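Here's the structure, in structure tokens; my notes come after.
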Amino acid sequence: MKLSKNNKERVYEFITTYSLEYEHDEYPRFTTNFLSQKLNMQRTNLSSILNQLVNEGKLIKQKGRPVMYQYINLSEEAEQVFKRLIGYDQSLKDAVAGAKATILYPKGKPSILIIAQRGCGAHYFAETVFEFAVKSGVVKNREALLVFDCKAYQENPDYRQKLLFGTEDKVGILNQSEDGMLFINHIDMLPAYERRRLLSTKERGILICRTDLSVDQEIYHSLQERTDFEIKLPNLNERSMEERFQLIQSFLCDEIKNIGKNLEMDSNILSALLLYESDDNVTGLKKDIHTGCVNCYARKGSSKNKFIEILLSDFPAYVRKGLIYSKTHKEELEELVSEQYVYAFTHSTMLKKQAQKSEEKRDIYQSIDDRKKKYKKQEIEEEEIDAYVSIALKEDFQKYYNELSGKISNRNMLENIIANKMIEHVDLFLKKAEETFQIKYDEKIMCALCLHMNSALIRNESKQRVSNEEIVQMTVSYPQEYQLAQEFILETEEVFHTRLNVDEIVFVMMFLLEERVTKKQQVVTLIAMHGDHSAQEVVKTVNILSNENNTYAFNLPLDQNMKEAYEDFKKEIIRIDQGKGIILIYDMGSLRTMAESIAAETNIDIRFVESPITLIGVACSNKASEEKGIEEIYGYLQENFKTAAYSRNYDGSNKIVVITSKSETEAEKIQRFINENMSWNDVKIRRIVAANEGQLYSMIDSIAEEGEIVGIVGDYDPLLHQYQFIDVNQLMKSEKTNLDDYIQTQNELDKTGITETYEYLEENFKELDMAKIEVYLDDFMDKAQNLLKVRLDENKKIGLIIHIVCLLDRIRQEYTPSISFIASGVIDKNKEMVPEVKKLLRPIEKEFNVYINDTEIATIITIIRE
Numbered sequence: 000m001k002l003s004k005n006n007k008e009r010v011y012e013f014i015t016t017y018s019l020e021y022e023h024d025e026y027p028r029f030t031t032n033f034l035s036q037k038l039n040m041q042r043t044n045l046s047s048i049l050n051q052l053v054n055e056g057k058l059i060k061q062k063g064r065p066v067m068y069q070y071i072n073l074s075e076e077a078e079q080v081f082k083r084l085i086g087y088d089q090s091l092k093d094a095v096a097g098a099k100a101t102i103l104y105p106k107g108k109p110s111i112l113i114i115a116q117r118g119c120g121a122h123y124f125a126e127t128v129f130e131f132a133v134k135s136g137v138v139k140n141r142e143a144l145l146v147f148d149c150k151a152y153q154e155n156p157d158y159r160q161k162l163l164f165g166t167e168d169k170v171g172i173l174n175q176s177e178d179g180m181l182f183i184n185h186i187d188m189l190p191a192y193e194r195r196r197l198l199s200t201k202e203r204g205i206l207i208c209r210t211d212l213s214v215d216q217e218i219y220h221s222l223q224e225r226t227d228f229e230i231k232l233p234n235l236n237e238r239s240m241e242e243r244f245q246l247i248q249s250f251l252c253d254e255i256k257n258i259g260k261n262l263e264m265d266s267n268i269l270s271a272l273l274l275y276e277s278d279d280n281v282t283g284l285k286k287d288i289h290t291g292c293v294n295c296y297a298r299k300g301s302s303k304n305k306f307i308e309i310l311l312s313d314f315p316a317y318v319r320k321g322l323i324y325s326k327t328h329k330e331e332l333e334e335l336v337s338e339q340y341v342y343a344f345t346h347s348t349m350l351k352k353q354a355q356k357s358e359e360k361r362d363i364y365q366s367i368d369d370r371k372k373k374y375k376k377q378e379i380e381e382e383e384i385d386a387y388v389s390i391a392l393k394e395d396f397q398k399y400y401n402e403l404s405g406k407i408s409n410r411n412m413l414e415n416i417i418a419n420k421m422i423e424h425v426d427l428f429l430k431k432a433e434e435t436f437q438i439k440y441d442e443k444i445m446c447a448l449c450l451h452m453n454s455a456l457i458r459n460e461s462k463q464r465v466s467n468e469e470i471v472q473m474t475v476s477y478p479q480e481y482q483l484a485q486e487f488i489l490e491t492e493e494v495f496h497t498r499l500n501v502d503e504i505v506f507v508m509m510f511l512l513e514e515r516v517t518k519k520q521q522v523v524t525l526i527a528m529h530g531d532h533s534a535q536e537v538v539k540t541v542n543i544l545s546n547e548n549n550t551y552a553f554n555l556p557l558d559q560n561m562k563e564a565y566e567d568f569k570k571e572i573i574r575i576d577q578g579k580g581i582i583l584i585y586d587m588g589s590l591r592t593m594a595e596s597i598a599a600e601t602n603i604d605i606r607f608v609e610s611p612i613t614l615i616g617v618a619c620s621n622k623a624s625e626e627k628g629i630e631e632i633y634g635y636l637q638e639n640f641k642t643a644a645y646s647r648n649y650d651g652s653n654k655i656v657v658i659t660s661k662s663e664t665e666a667e668k669i670q671r672f673i674n675e676n677m678s679w680n681d682v683k684i685r686r687i688v689a690a691n692e693g694q695l696y697s698m699i700d701s702i703a704e705e706g707e708i709v710g711i712v713g714d715y716d717p718l719l720h721q722y723q724f725i726d727v728n729q730l731m732k733s734e735k736t737n738l739d740d741y742i743q744t745q746n747e748l749d750k751t752g753i754t755e756t757y758e759y760l761e762e763n764f765k766e767l768d769m770a771k772i773e774v775y776l777d778d779f780m781d782k783a784q785n786l787l788k789v790r791l792d793e794n795k796k797i798g799l800i801i802h803i804v805c806l807l808d809r810i811r812q813e814y815t816p817s818i819s820f821i822a823s824g825v826i827d828k829n830k831e832m833v834p835e836v837k838k839l840l841r842p843i844e845k846e847f848n849v850y851i852n853d854t855e856i857a858t859i860i861t862i863i864r865e
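Heads up: the sequence shown at position 697 corresponds to 696 in numbering that gives the first Met the number 0, and the numbers run straight through without jumps.
Next comes the structure, spelled out in structure tokens:
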């Protein structure tokens, strides 16, 4: 059965056939109106399809009245050019689409600004763009790519100027490029007048300039204004691990072509290359792989074998340190690299073969020995080997524990193979641990620990396997577990008349920690103070005196930005919470105000106790500077700080609305409106005119001492989640009502508009599961408000819902991503927000099997920020 063509195929087929039939000196140009009549299609649908074809590089769009479209007869060769770029359809998707659109745009000789950090491949990308220009017929001369690096001539500006712009006797490189393309690296290093001259010259070819975002903003904005298009290339750490793996394979294959030998390597080498921090991005990765291959060839190049083994020691130490991060990227790594295989590379492909297996049943001692043996083979130092073995210790112990607990699961089975003396000894130890940590240990822990201790007595080795650094780290991290385990090992030596290795203390600690996830949840104490280290020192003393580790510190540096401080405070509160709540002891009001907002945002129960030692100290200092006597100062403190610590309670009798504004006049105007037009007689009005967030938090905290703050009115949202925000612009359009009714009405109106939006979209996008989309979008918007510290009003929420639903529909229909030349600007201005938005969108991407590119993320950020 012949499938019918979709609208996009119909449009492109008609334009192709018509253009080839009526071609004269050039292909004919089409208007939307002409195509609408010929194809009997609505102009709006047609415009969308035409723009997709433009973005795919199949049509040229010529702006004017009317807008004209023209067919491009791209060869298959031209279409394939960008496909050689790793990540062309992922991290480089926007860059490739932008480059295609730019080169094919019929303006003439465009200027392109590439934003890329050092080593991100700007030069290689420019070469690819040039090849595309040649293959698509825009540039006729295949040799006409010129390159000029401004950095190379920084110390000789006169010579640079002559080379670039020429002299009376000699044509400069700029004019030489007239029939081709010129790539200018580090254009920001040119003086302003040379940049202007360069970008305004007409007698030149296609111009590609490269800079990065570390340059002065004034220079960056001037380059933006004077170039036609902007393309951003991602850093290496912005690329997926899969792309990095492809880059590693490509560079290894290139090296193999040079040395004439195939390479074989352990999986750890690939893990290190995937995870280490490359200062020079892709170029740095390539250089480090080259260094490893050079060192390997120096060792083994004379071998007659086709395959030579490259070792960890062949690479610089900073590359090998990538293995330190293997624990935190375990899942991502396992999708690409497995310890079960040895990897071999030829000039064109990667091969895997099963790694040599040890005995199937391995105890913890064998696991450590095997790892050490494996790393020693890589010819690295003992200290480095210990570090890598320590990283894998938890994983090796987990396998060992699972194997032990799988053998025997109850005491009856255990008594058949282990002496009662050992069982009772371990049982007594675990009861003591249960009492200490308030934990109920599972019977399988006892069985596994009995089996291990029995094996340790039989083995009775003096060889130490766990590094001293790991022992120290475990001791510092888990001092109580260390003390118990040490006492247990000493008692075991006495009871069984033997000597045990120091490693056994660590292994016993790991058995204890295995069940810590079932630890009873506790209330924790957080001491928060202004200053760099003040809270930390207090907490250190508290934990020593209490012999517990359930008190934590938060320091608020006096010069820290309040938004950053809020986020740091929130992360610490989330980190330490065990589900039973937090007692916050704080020194001054702004910390309380932030914590109240965090409590409302995260639903963590926080109770507050103020211990105003900092305020008392400041008061003493100020009074002393006024030359007051000791009795007078003491009397002042007694009067103004009657209690050293107190907590705030509300009885509901004193309700307060706070007006926030940046000017006193505006605040008075808002209060006058409320008094004259609203029935808020049962609430007190307080005004705040604050210069910054820190001042605002302190003043709100002070007002909160008077009663319960039931709302904040203003034209900007302070994003304090514990308080209802009332937009003054909406308030002034409202009818007279009391406060409770007003807030209830506004909340209901917000929900109504969103509900109607979902209903409308469900009716018009029948192919999409709108109920499921609603769940994911509501979750996205809730988290966006909390994580990004923004308040999304009804209009913003509706904008996000419509945009993302339409985006999902376009992706479902396999659209080509749109090109937005302002997207990079939006992303650059919101650098900190971009990764957060990407993270929030991941559940949507995963559930609906889509990839949301940077252009769409820029649009989403614009909606949020507008």
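Here a beta-carbon is modelled for each residue, glycine too, at the ideal position from N, C-alpha and C.
On a predicted model such as this, the values are computed, not experimentally measured, just so you know.
Does DSSP put residue 397 in a helix, a strand or coil? Locating residue 397 in the sequence shown gives position 398, counting from the first residue. Look at residue 397 here: in three-state DSSP terms it is helix.
Would the beta-carbon of residue 68 fall within 8 Å of that of residue 84? Taking the first residue of the sequence shown as position 1, residue 68 is located at position 69. Taking the first residue of the sequence shown as position 1, residue 84 is located at position 85. 8 Å or more divides the Cβ of residue 68 from the Cβ of residue 84.
Hey, could you find the ends of the alpha helix (DSSP H) residue 621 is sitting in? Residue numbering aside, residue 621 sits at position 622 when the sequence shown is read from its first letter. Looking at the DSSP string, the run of the alpha helix (DSSP H) that includes residue 621 is 612-624.
For residue 586, which of 593, 573 and 609 has the nearest alpha-carbon? Numbered from 1 along the sequence shown, position 587 holds the residue referred to as residue 586. For residue 586, the nearest C-alpha among the options comes from 609.
Report the three-state DSSP secondary structure of residue 518 (helix, strand or coil). Residue mapping note: residue 518 aligns to position 519 of the sequence shown, counting from 1. In this prediction, residue 518 has a pLDDT of 46, which is less than 50 and means its spatial position is unreliable; nothing more can be read from the coordinates.
May I have a chain-ordered list of the alpha helix (DSSP H) segments no shorter than 4 residues that lie completely inside the stretch 407-495? With a minimum length of 4 residues, the continuous alpha helix (DSSP H) runs that stay inside the stretch 407-495 are 410-413, 419-436, 442-458, 467-476 and 478-495.
State the DSSP-derived secondary structure class of residue 526, mapped to helix, strand or coil. In the sequence shown, residue 526 corresponds to position 527, counting from 1. Collapsing the DSSP output to three states places residue 526 in a strand.
Assuming contact is defined by CB atoms lying nearer than 8 Å, are residue 473 and residue 453 in contact in what I supplied? Your numbering for residue 473 matches position 474 in the sequence shown. Your numbering for residue 453 matches position 454 in the sequence shown. For residue 473 and residue 453, no; Cβs fall outside 8 Å.
Can you name the residues that DSSP bridges to residue 682? Within the sequence shown, residue 682 is the residue found at index 683, counting from 1. DSSP lists 654 as the beta-bridge partner residues of residue 682.
The beta strand (DSSP E) enclosing residue 664, as first and last residue numbers: Translated into positions along the sequence shown, residue 664 becomes position 665. Careful: residue 664 lies outside any beta strand (DSSP E), inside the alpha helix (DSSP H) at 663-676.
Could you say which of 512, 97 and 305 lies nearest to residue 479 if we only look at CA atoms? In the sequence shown, the residue the question calls residue 479 occupies position 480. It is 512 whose Cα lies nearest to the Cα of residue 479.
Please tell me whether residue 499 and residue 446 are closer than 8 Å, where the distance is taken between their beta carbons. Your numbering for residue 499 matches position 500 in the sequence shown. Your numbering for residue 446 matches position 447 in the sequence shown. No. Outside cutoff.
Check whether the stretch 125-136 touches the stretch 178-189, counting contact only when three or more Cβ pairs, one atom from each stretch, lie closer than 8 Å. Taking 8 Å as the limit for Cβ pairs, the verdict is that the stretch 178-189 does touch the stretch 125-136.
With DSSP collapsed to three states, give me the class of residue 343. Position 344 of the sequence shown, counted from the first residue, corresponds to residue 343. Here residue 343 carries a strand assignment [DSSP, helix/strand/coil].
Could you name each continuous alpha helix (DSSP H) segment of 4 residues or more that falls completely within the stretch 64-92, going from the start of the chain to the end? Segments of the alpha helix (DSSP H) lying fully in the stretch 64-92: 75-79.
May I ask you to report which of helix, strand or coil DSSP gives residue 905? For the chain, the structure presents residues 0 to 865; residue 905 sits outside this window and is missing.
If you draw a straight line from the C-alpha of residue 807 to the C-alpha of residue 595, how long is it? The residue given as residue 807 occupies position 808 in the sequence shown. The residue given as residue 595 occupies position 596 in the sequence shown. So the alpha carbons of these two residues sit roughly 37 Å apart.
State yes or no: is the C-beta of residue 572 within less than 8 Å of the C-beta of residue 597? Stepping through the sequence shown from its first residue, residue 572 is reached at position 573. Stepping through the sequence shown from its first residue, residue 597 is reached at position 598. Yes; because the gap between Cβ atoms is below 8 Å, this pair is in contact.
CB-CB under 8 Å to residue 57, same chain, minus the five flanking residues each way: which ones, in chain order? Against the sequence shown, residue 57 aligns to sequence position 58. Setting aside the 5 residues that flank it on each side, residue 57 is surrounded in the same chain by 11, 70, 71 and 73, each with a C-beta closer than 8 Å to its C-beta; the list follows chain order.
What is the residue span of the alpha helix (DSSP H) that residue 172 lies within? For the purposes of this step, residue 172 is taken as residue 173 along the sequence shown, with counting starting at 1. First-last of the alpha helix (DSSP H) with residue 172: 172-175.
As an exercise, report each continuous alpha helix (DSSP H) stretch of at least 4 residues that is fully enclosed by the stretch 552-602, in chain order. For the stretch 552-602, the full-length alpha helix (DSSP H) segments reaching 4 residues or more read 561-575 and 588-601 along the chain.
To the nearest angstrom, how far is the alpha carbon of residue 579 from that of residue 283? The count along the sequence shown starts at 1 and reaches residue 579 at position 580. The count along the sequence shown starts at 1 and reaches residue 283 at position 284. Distance between the alpha carbons of residue 579 and residue 283: 48 Å.
Taking the runs of the alpha helix (DSSP H) that are 4 residues or longer, which of them lie wholly in the stretch 681-725? Within the stretch 681-725, the complete alpha helix (DSSP H) segments of 4 residues or longer fall at 692-703, listed in chain order.
Please give me, in chain order, every unbroken run of the beta strand (DSSP E) with length at least 3 that falls completely inside the stretch 157-234. You should have 180-184, 205-210 and 228-231.
Between residue 692 and residue 561, is the Cβ-Cβ spacing less than 8 Å? In the sequence shown, the residue the question calls residue 692 occupies position 693. In the sequence shown, the residue the question calls residue 561 occupies position 562. A contact, by the Cβ cut-off of 8 Å.
Whole angstroms are fine: how far does the CA of residue 725 sit from the CA of residue 742? Translated into positions along the sequence shown, residue 742 becomes position 743. Translated into positions along the sequence shown, residue 725 becomes position 726. Rounded to whole angstroms, residue 742 to residue 725 spans 8 Å at the Cα level.
Candidates 167, 36, 664 and 715, of which the one nearest residue 727 by Cα: Position 728 of the sequence shown, counting from 1, holds the residue named residue 727. The option with the nearest alpha carbon to residue 727 is 715.
Take the Cβ of residue 554 as the centre, count every other Cβ of all protein chains shown within 10 Å, and call the residue buried at 16 or more, exposed below. For the purposes of this step, residue 554 is identified with residue 555 of the sequence shown, where counting begins at 1. Burial is judged here by how many other beta carbons sit within 10 angstroms of a residue's own beta carbon; residue 554 has at least 16 and is buried.
With DSSP as the reference, identify every bridge partner of residue 110, one or two as the case may be. The count along the sequence shown starts at 1 and reaches residue 110 at position 111. Note: residue 110 is bridge-paired with 206 in the DSSP secondary-structure output.
Integer-rounded CB distance, given that residue 620 should sit under 8 Å from residue 697: One-based indexing of the sequence shown puts residue 697 at position 698. One-based indexing of the sequence shown puts residue 620 at position 621. About 18 Å separates the two Cβ atoms, so there is no contact after all.
Pairs of beta-carbons, one from the stretch 85-93 and one from the stretch 106-119, closer than 8 Å: are there three or more? The answer is no - the stretch 106-119 does not touch the stretch 85-93, with fewer than three Cβ pairs under 8 Å.
From 186, 189, 187 and 164, pick the residue whose C-alpha is nearest to that of residue 177; which is it? In the sequence shown, the residue the question calls residue 177 occupies position 178. Looking at the Cα atoms, 164 is the closest of the given residues.
Could you check if residue 51 is buried or exposed, using at least 16 other CB atoms within 10 Å of its CB as the buried criterion? Position 52 of the sequence shown, counting from 1, holds the residue named residue 51. Using a 10 angstroms sphere on the CB of residue 51, the tally of other CB atoms reaches 16 or more, which defines it as buried.
I believe residue 584 touches residue 524 by the beta-carbon criterion, under 8 Å. Please report the beta-carbon distance rounded to the nearest angstrom. The count along the sequence shown starts at 1 and reaches residue 584 at position 585. The count along the sequence shown starts at 1 and reaches residue 524 at position 525. The beta carbons of residue 584 and residue 524 sit about 7 Å from each other, so the pair counts as a contact at 8 Å.
Between residue 838 and residue 856, is the Cβ-Cβ spacing less than 8 Å? Here residue 838 corresponds to residue number 839 of the sequence shown, with the count starting at 1. Here residue 856 corresponds to residue number 857 of the sequence shown, with the count starting at 1. Residue 856 sits away from residue 838, with the two beta carbons spaced by 8 Å or more.
Is DSSP giving residue 838 helix, strand or coil here? As a position in the sequence shown, residue 838 is number 839, starting the count at 1. Helix, per DSSP.
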